[in-house]
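Protein chains in written order, with the working numbering: chain A, 126 to 263; chain B, 126 to 263.
Note that the Cβ used here is the ideal one computed from N, Cα and C, for glycine as well.
Here the structure comes first, spelled out in structure tokens, and everything after it is commentary.
Protein chains: 2
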Amino acid sequence: MKNRPNEISKRERDCLITLEEESPRDFPMRLHQIAVSLKVKPPTALSVIRRLEKKGLAESRDGMVILTESGMRVAKSILLVHRTYEALLCQSGVSENSACYDAAEVDYIIPADDARLILKKIGNPKVCPHGKPIPEEE
Amino acid sequence: MKNRPNEISKRERDCLITLEEESPRDFPMRLHQIAVSLKVKPPTALSVIRRLEKKGLAESRDGMVILTESGMRVAKSILLVHRTYEALLCQSGVSENSACYDAAEVDYIIPADDARLILKKIGNPKVCPHGKPIPEEE
DNA sequence: TCATACATTAGTATCACACTAATGTTATTA
DNA sequence: TAATAACATTAGTGTGATACTAATGTATGA
């Protein structure tokens, strides 16, 4: 399915989250490392980066890649959804590992607004099952 | 993202649900009508049908299309997830229309097992917000 | 300076999605 | 019955995402 404008693919999602979680604040991440994290070859990772650049979510030069402000916002939003859904699943009886895997399949599709409402319904937990904080604002 | 084996795309999902909901019991649906429901041209609908056939989910001859046993099971499973997630969203305060739209974006991705556990957590409602029954067994 | 590590480009391939144009088939109707 | 309308089907094109190999460029450290 062709992505609608502003929509991201699973790979792009994985790349955003990798950058968000593995690159120290304001420090670029090497293309090579991104490729390793995504378990693809560097040219493949590069093409993902190029798509993120087109969408204004990342910037790169000489294999040094950083998220833009916009990219960070999107990543945060995905993490909000991810951790909320993960918490819901765990509260429902799904194992932590399954919950994490399954959450990654939908966290870039579910609207953040829906996640915020679900979060309230399940009792406003402050952290996901792994203990990571659930982002507050956008 | 290439679909893993046994995985279906959004279009295939829409097509399965269309067949499940619009074709009378054991009666085939016309390709033309499927195209209208999916809001695509007949050749496009045909290519979707062909993919479903390859996966053993549908059969067709001369534009007469029916779900296989397997296709019906998959459709039922998607509806279970759809209505469960829809119920969750509505209980959380999402409008009925948004809930339905948003549920269709993820109901073919979320595992039925997860949905069954969520269903229990939200109080085992018997119907979705539209009043349609939530399928029991698989 | 030379080697190595890495980025980048070029070229190929597959799959999902979607279209138009052309052609077949069938069934109704004038 | 012959013509037409309705629909299915095939062929051909195009785009975007994903992924690879092979070739080439570049820069840094030994």
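#### Entry: Contact set for residue 247/B: own chain, Cβ-Cβ below 7 Å, skip 5 residues either direction
For the purposes of this step, residue 247/B is taken as the residue at position 122 of the second sequence. Cβ neighbours of residue 247/B beyond the five flanking positions: 212, 213 and 216.
### Query
By how many angstroms is the C-alpha of residue 140/A removed from the C-alpha of residue 174/A?
Here residue 174/A is taken as the residue at index 49 of the first sequence, counted from 1. Here residue 140/A is taken as the residue at index 15 of the first sequence, counted from 1. So the alpha carbons of these two residues sit roughly 8 Å apart.
### Message
Output needed in chain order: residues of the segment 220 to 234 of chain A with a Cβ under 7 Å from some Cβ in chain B.
### Response
227, 230, 231 and 234
### Task
Please list the residues of the segment 142 to 176 of chain B that have a C-beta atom closer than 9 Å to any C-beta atom in chain A, keeping them in chain order.
none
### Beta-bridge partners of residue 184/B, as assigned by DSSP
By 1-based counting over the second sequence, the position of residue 184/B is 59. In the DSSP output, where bridge partners are listed per residue, residue 184/B has 191/B.
### Message
Helix, strand or coil for residue 161/B? Go by DSSP, reduced to three states.
### Response
Here the question's residue 161/B lines up with position 36 in the second sequence. In this structure, residue 161/B counts as helix in the three-state DSSP scheme.
### Query
When burial is assigned at 16 or more other CB atoms within 10 Å of the CB, is residue 267/A buried or exposed?
Look at the range of chain A in this structure, 126 to 263, and you will see that residue 267/A is not part of it.
### Message
Using only the alpha-carbon positions, how far apart do residue 255/A and residue 166/B sit?
### Response
Here the question's residue 255/A lines up with position 130 in the first sequence. Here the question's residue 166/B lines up with position 41 in the second sequence. Taking the straight line joining both Cα atoms gives about 47 Å.
### Task
Please classify residue 219/B: does DSSP put it in a helix, a strand, or coil?
Residue numbering aside, residue 219/B sits at position 94 when the second sequence is read from its first letter. In this structure, residue 219/B counts as coil in the three-state DSSP scheme.
### Query
Taking C-beta to C-beta, are residue 143/B and residue 163/B nearer than 8 Å?
In the second sequence, the residue the question calls residue 143/B occupies position 18. In the second sequence, the residue the question calls residue 163/B occupies position 38. Yes, Cβ-Cβ distance for residue 143/B and residue 163/B is below 8 Å.
### Task
From the DSSP output, read off the bridge partner residues of residue 258/A.
Translated into the one-based positions of the first sequence, residue 258/A becomes position 133. Answer by DSSP bridge pairing, in chain order: 252/A.
### Query
Would residue 259/A pass as a contact of residue 205/A if the rule is Cβ separation under 8 Å?
As a working mapping, residue 259/A is identified with position 134 in the first sequence. As a working mapping, residue 205/A is identified with position 80 in the first sequence. Yes.
#### Entry: chain B within 8 Å of residue 214/A, Cβ atoms only
Walking along the first sequence from the start, residue 214/A turns up at place 89. True, the Cβ-Cβ gap to chain B drops below 8 Å.
#### Entry: Whole-Å CB distance - residue 182/B paired with residue 171/B, under 8 Å assumed
By 1-based counting over the second sequence, the position of residue 182/B is 57. By 1-based counting over the second sequence, the position of residue 171/B is 46. Not quite, the Cβ-Cβ distance comes to about 15 Å (not below 8 Å), so this is no contact.
#### Entry: Within-8 Å CB hit, residue 203/B to chain A
Position 78 of the second sequence, counted from the start, is the residue given in the question as residue 203/B. It does not: the Cβ of residue 203/B has no partner Cβ on chain A nearer than 8 Å.
### Message
If we define contact as Cβ-Cβ less than 8 Å, is residue 179/B a contact residue for chain A?
### Response
In the second sequence, residue 179/B corresponds to position 54, counting from 1. Answer no: the Cβ-Cβ gap between residue 179/B and chain A never drops below 8 Å.
### Member of 226/A, 176/A and 207/A whose CA lies at the smallest distance from the CA of residue 236/B
Against the second sequence, residue 236/B aligns to sequence position 111. Closest option to residue 236/B, Cα to Cα, is 226/A.
### Query
Among 160/A, 168/A and 185/A, which has the Cα closest to the Cα of residue 151/A?
Your numbering for residue 151/A matches position 26 in the first sequence. Residue 185/A is the option with its Cα nearest to residue 151/A.
### Task
Taking residue 198/B as the reference, give the member of 221/B, 178/B, 145/B and 149/B with the closest Cα.
As a first step, residue 198/B is located in the second sequence; it is residue number 73 there, counting from the start. Checking every option, the nearest Cα to that of residue 198/B belongs to 145/B.
### Test: residue 218/B CB closer than 8 Å to a CB of chain A
Position 93 of the second sequence, counted from the start, is the residue given in the question as residue 218/B. Closer than 8 Å to some Cβ of chain A, the Cβ of residue 218/B qualifies, so yes.
### Closer than 9 Å at the beta carbon, the chain A residues around residue 239/B
For the purposes of this step, residue 239/B is identified with residue 114 of the second sequence, where counting begins at 1. Under the 9 Å cutoff, chain A gives 214, 217, 219, 223, 224 and 227.
### Cβ separation of residue 203/A and residue 233/A, assumed to be a contact under 8 Å, to the nearest whole Å
By one-based count along the first sequence, residue 203/A stands at place 78. By one-based count along the first sequence, residue 233/A stands at place 108. Going by Cβ atoms, the distance from residue 203/A to residue 233/A rounds to 5 Å, so yes, they are a contact pair.
### Message
Between residue 242/A and chain B, is any beta-carbon pair separated by less than 8 Å?
### Response
Numbered from 1 along the first sequence, position 117 holds the residue referred to as residue 242/A. It does; some Cβ of chain B falls within 8 Å.
### Query
What residues of chain A sit near residue 236/B, judged by a beta carbon separation below 7 Å?
Mapped onto the second sequence, residue 236/B falls at position 111. Within 7 Å Cβ-Cβ: 227.
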